[in-house]
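End of the sequence shown = 450 in numbering that gives the first Met the number 0, gap-free, step of one.
No residue lacks a Cβ here, since even glycine has one placed at the ideal position from N, Cα and C.
Every value quoted in this text rests on a predicted model; they were computed, and no experiment measured them.
Below you'll find the structure, written out as structure tokens, and then a few comments.
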Amino acid sequence: MGRVASVLPEPQVKPPRPLAAFRGSVLHFLSDPADGGASAVDFHPDGMLVVRDGRVAECGPADALVGKLPAGVPVTDYGGKLILPGFIDTHCHYAQTDIIASHGEQLLAWLEKYAFPAERRFADPTHAAEVAEFFCDELLQNGTTTALAFATVHPTSVDALFAAAARRRMRLIAGKVLMDRNCPEFLRDAPDGGYAASRTLIERWHGRERLLYAVTPRFAPTSTRLQMTVAGRLYAEHAGVYLQSHVAENEAEGAWVAELYPEARSYLDVYARYALLGPRTVFAHCIWLDDADRARMAAAGAAASFCPTSNLFLGSGLFDLERAHAMGLRVGIGTDVGGGTSFSLLQTLNEAYKVLQLRGQNLTGERAFYLATLGGARSLYLDAHIGNFETGKEADFVVLDPHATPLLARRMAHATTLGERLFAFMMLGDDRAVAATHVLGEPYRRPTLRG
Ligand SMILES: [Zn+2]
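Following this line, the structure appears as structure tokens:
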């Protein structure tokens with residue numbers, strides 16, 4: 000982190016203050032509104048969030064809490080704005096930041112034409128550090144305080160990303176891509192080399208500050224059977240590590256997997272055969288699954304990352320939230336940057352709503368924001384630490400401004416319920432609607448980039 004970091008602007012996150020309070024409308028979720036209904040939603044129109052040493056001390060109505068504050072405690076006034084737990088992005092690729100919005104292909108051609116050449120550049124630690132800094136800033140600018148991210152096959156790309164997140168005190172889960180076939184030579188590792196490099200990275204980063212490691216086989220087609228076995232070993236050998244991959248994104252991809260692994264019942268079954276399904280395993284897309292697959296994931300404790308902007312942009316298909324929920328599957332929201340087209344979880348929820356409309360399903364504002372906060376935390380098994388404002392949780396939060404744009408202000412003027420206001424935020428909002436992002440209670444200020 001030393002040499003590269005010294006030439007980059009210093010991110011500005013101060014250490015947590017002993018005690019601080021924030022007043023505004025406060026909203027968080029206690030459970031899934033699809034199950035808990037109104038009791039899932041904890042909303043205080045004039046609310047207060049009290050933070051001690053970076054953790055939630057109290058959350059409730061301001062009139063009940065303001066009198067209890069010791070004299071001299073700073074109260075930040077977010078009057079008229081909405082304070083929510085920080086957004087959680089359960090699937091993204093930091094190395095694809097520079098190829099977001101690349102035209103004209105579906106998944107397999109898109110990888111060849113755009114993703115692989117872009118990822119090649121991450122062999123250079125200076126390039127990796129520069130992109131990692133931008134990526135983390137862009138997450139925070141959009142109100143995202145936790146992400147599960149792919150790096151590239153290069154161990155230096157993982158170091159760069161974790162260093163950038165640590166400098167911002169962010170919660171971040173990431174890992175080195177494992178990929179030993181069906182990809183360009185310049186991005187290929189080997190089962191033993193990938194194993195050793197992953198182990199070193201786990202020892203270096205897993206559990207350090209707020210950082211966690213994810214074993215990262217890109218997807219079944221780019222790993223040999225031996226490498227899939229190695230990925231399972233890495234996941235089994237290290238307590239608390241994650242495993243992230245892709246499954247059932249695109250129909251051509253699914254047909255290819257069936258050719259490569261003819262012994263498997265389904266694409267999902269390939270991962271099961273290599274012991275890659277379990278708690279803290281997160282699979283992006285999960286579009287072309289059947290109920291047997293969904294039940295198997297749910298029973299294993301695996302999570303699906305619903306990536307609507309990517310699924311529409313790459314023409315992949317429509318995620319079935321209703322079936323996932325019915326089968327008890329954990330679901331979080333993912334941007335899938337750069338196959339996805341926005342860093343904004345608000346814009347991602349916008350597209351989620353539209354995907355579900357095409358499925359004949361209905362996503363409410365409350366449910367959408369649950370998925371982007373506590374739903375994501377549950378998917379990542381981090382709900383003991385983040386996802387809502389229960390006492391003791393890490394005080395990562397986002398402040399949304401209903402007057403951020405003229406159009407948003409006009410629409411909000413006619414919104415009478417919380418659900419309507421949330422829906423307007425997700426349909427009309429993006430990073431302009433994010434008035435502030437706080438990490439462990441402290442506001443994050445994006446550094447000024449040089450020339
Ligand atoms: Zn992806």
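To the nearest angstrom, how far is the alpha carbon of residue i from that of residue j?
| i | j | result |
| --- | --- | --- |
| residue 126 | residue 132 | 10 Å |
| residue 367 | residue 348 | 6 Å |
| residue 83 | residue 217 | 32 Å |
| residue 373 | residue 38 | 14 Å |
| residue 317 | residue 243 | 21 Å |
| residue 226 | residue 253 | 19 Å |
| residue 85 | residue 382 | 12 Å |
| residue 308 | residue 343 | 10 Å |
| residue 339 | residue 306 | 7 Å |
| residue 160 | residue 147 | 11 Å |
| residue 280 | residue 246 | 12 Å |
| residue 14 | residue 116 | 38 Å |
| residue 370 | residue 311 | 19 Å |
| residue 51 | residue 295 | 41 Å |
| residue 188 | residue 152 | 7 Å |
| residue 250 | residue 61 | 52 Å |
| residue 239 | residue 172 | 11 Å |
| residue 385 | residue 376 | 6 Å |
| residue 237 | residue 330 | 24 Å |
| residue 145 | residue 332 | 12 Å |
| residue 163 | residue 93 | 11 Å |
| residue 432 | residue 419 | 16 Å |
| residue 304 | residue 71 | 44 Å |
| residue 403 | residue 427 | 10 Å |
| residue 3 | residue 123 | In this predicted model, residue 3 has a pLDDT of only 45, less than 50, meaning its place in the structure is not dependable; the value taken from the coordinates is given anyway. Cα-Cα distance, rounded: 11 Å. |
| residue 165 | residue 203 | 13 Å |
| residue 358 | residue 315 | 14 Å |
| residue 18 | residue 209 | 21 Å |
| residue 360 | residue 224 | 38 Å |
From the options, pick the residue whose C-alpha is nearest to that of residue i; which is it?
| i | options | result |
| --- | --- | --- |
| residue 451 | 358, 140, 325, 97 | Not covered by the structure: residue 451. The range shown for the chain is 0 to 450. |
| residue 46 | 80, 444, 224 | 80 |
| residue 335 | 87, 260, 272, 119 | 87 |
| residue 142 | 441, 439, 434 | 434 |
| residue 185 | 194, 118, 446 | 118 |
| residue 63 | 27, 101, 20 | 20 |
| residue 27 | 215, 397, 406 | 397 |
| residue 299 | 267, 346, 256 | 267 |
| residue 365 | 277, 16, 36, 17 | 36 |
| residue 167 | 12, 351, 203, 390 | 12 |
| residue 430 | 361, 68, 78, 136 | 136 |
| residue 274 | 234, 200, 313 | 234 |
| residue 313 | 363, 282, 99, 413 | 99 |
| residue 150 | 134, 174, 129, 138 | 174 |
| residue 158 | 422, 416, 197 | 197 |
| residue 538 | 78, 230, 387, 205 | A query on residue 538 cannot be resolved here, the shown segment of the chain reaching from 0 to 450 and no further. |
| residue 278 | 262, 255, 302 | 302 |
| residue 362 | 421, 58, 69 | 421 |
| residue 190 | 200, 211, 232, 183 | 232 |
| residue 107 | 220, 169, 67 | 220 |
Grouping DSSP H, G and I as helix and E and B as strand, with all else coil, what is residue i?
| i | result |
| --- | --- |
| residue 151 | coil |
| residue 294 | helix |
| residue 345 | helix |
| residue 366 | helix |
| residue 229 | helix |
| residue 168 | coil |
| residue 247 | coil |
| residue 402 | coil |
| residue 80 | strand |
| residue 384 | coil |
| residue 52 | coil |
| residue 322 | helix |
| residue 435 | strand |
| residue 92 | strand |
| residue 273 | coil |
| residue 58 | strand |
| residue 329 | strand |
| residue 41 | strand |
| residue 178 | coil |
| residue 416 | coil |
Our contact map puts residue i next to residue j with C-beta atoms below 8 Å; I'd like the distance itself, whole angstroms only.
| i | j | result |
| --- | --- | --- |
| residue 89 | residue 378 | 5 Å |
| residue 180 | residue 222 | 7 Å |
| residue 445 | residue 95 | Actually they do not touch by this definition, with Cβ atoms about 21 Å apart. |
| residue 54 | residue 393 | 6 Å |
| residue 258 | residue 284 | Not quite, the Cβ-Cβ distance comes to about 19 Å (not below 8 Å), so this is no contact. |
| residue 466 | residue 49 | The question about residue 466 has no answer, for the chain in this structure spans 0 to 450. |
| residue 425 | residue 345 | 5 Å |
So is the beta-carbon of residue i under 7 Å away from any non-hydrogen atom of ligand 3?
| i | result |
| --- | --- |
| residue 27 | As for ligand 3, it is missing from this structure, which binds only ligand 1. |
- Give me every residue whose Cβ sits closer than 6 Å to any heavy atom of ligand 1, in chain order. Chain-ordered list of matching residues: 90, 92, 245, 283, 335, 338.
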